[in-house]
Amino acid sequence: MNLPNALTIARLFLIPLLIVVLLTRIPHSDIIAVAIFLAASFTDWADGYVARRRGQITTLGTWLDPVADKLLVTSVFIALVEMKLAPAWMVVILVGRELGVTGLRNIALAKGLAIHVSEWGKAKMATQVVAITCLILGTRFSFLGKLGIPALWLAVILALISAAQYCRQFWFNSGAVQKEVPYPQPILQITKQPEGDVSSHR
Numbered sequence: 124m125n126l127p128n129a130l131t132i133a134r135l136f137l138i139p140l141l142i143v144v145l146l147t148r149i150p151h152s153d154i155i156a157v158a159i160f161l162a163a164s165f166t167d168w169a170d171g172y173v174a175r176r177r178g179q180i181t182t183l184g185t186w187l188d189p190v191a192d193k194l195l196v197t198s199v200f201i202a203l204v205e206m207k208l209a210p211a212w213m214v215v216i217l218v219g220r221e222l223g224v225t226g227l228r229n230i231a232l233a234k235g236l237a238i239h240v241s242e243w244g245k246a247k248m249a250t251q252v253v254a255i256t257c258l259i260l261g262t263r264f265s266f267l268g269k270l271g272i273p274a275l276w277l278a279v280i281l282a283l284i285s286a287a288q289y290c291r292q293f294w295f296n297s298g299a300v301q302k303e304v305p306y307p308q309p310i311l312q313i314t315k316q317p318e319g320d321v322s323s324h325r
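Quick note: the sequence shown uses the working numbering, first residue 124, plus one each step.
Encoded structure:
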């Protein structure tokens, strides 16, 4: 296993630990949870950087990295709804978007298509990190609490824009592939001989 994939798997193992810390009332649980969340988010950047730097981009990593990202974010958002720190309807939109884009990527992968990460998607992810951090620490630092919901609004808007962009990319890539595939040529072509010419049958 290469280093980028190891970082991605480490992010997956941090998710249950993060949720337990969030939902368990232990001293300084909010600060500990944010530290774990930021560490997990850092591995999201690190695995991609290392993979590109070392030329270690693999099929497993290409599939597993976005899955780990979405599991991290959706798990935390659902926990925040349970803690009454985030509006459920906004989280439904964000989680629905993540599931939809994941499904679209899997369909594209099965068709041999590539859906590249957009700048809108990167901005959405960064905004989600800010929103989650502010919402978790909002009970301790009031000024962060005031930033949490506006950041979540921005994340919802960016999520919808990036989802539309991914759908558009998938649509045009699918059409391009279909146009490039030639119609199958017949293996044997039978030509009709003129009725008067029977020389070929002798």
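A virtual CB, placed ideally from N, CA and C, is assigned to each residue, including glycine.
Query                                                                                                                                : Result
State yes or no: is the C-beta of T250 within less than 9 Å of the C-beta of A191?                                                   : no
In its own chain, which residues sit with a C-beta less than 6 Å from the C-beta of L208, not counting the 5 before and 5 after it?  : L258
I230 to D153, Cα distance in whole Å?                                                                                                : 38 Å
Taking C-beta to C-beta, are A237 and L145 nearer than 9 Å?                                                                          : no
Report buried or exposed for I255, applying the criterion of at least 16 other Cβ atoms within 10 angstroms of its Cβ.               : buried
Compare the Cα-Cα distances from T182 to each of R134, N125 and I149 and report the closest residue.                                 : N125
Distance, Cα to Cα, S198 vs R291?                                                                                                    : 27 Å
Could you tell me the boundaries of the alpha helix (DSSP H) in which S152 lies?                                                     : S152 to R177
Under three-state DSSP, which class holds I328?                                                                                      : There is simply no residue 328 to check, as the chain begins at 124 and stops at 325 in what is shown.
Can you have a look at L222 and say buried or exposed, based on whether 16 or more other CB atoms are within 10 angstroms of its CB? : exposed
Would you mind sorting V215 into buried or exposed? The rule is 16 or more other CB atoms within 10 Å of its CB.                     : exposed
By DSSP, does L183 sit in helix, in strand, or in coil?                                                                              : helix
I need the DSSP call for L194, collapsed to helix, strand or coil.                                                                   : helix
What first and last residue would you give for the alpha helix (DSSP H) that runs through V224?                                      : A211 to A233
Apply the 10 Å Cβ neighbour rule to T147 and answer buried if 16 or more other Cβ atoms are within range, or exposed otherwise.      : exposed
Quick one: give me the first and last residue of the alpha helix (DSSP H) that V252 is part of.                                      : E242 to L260
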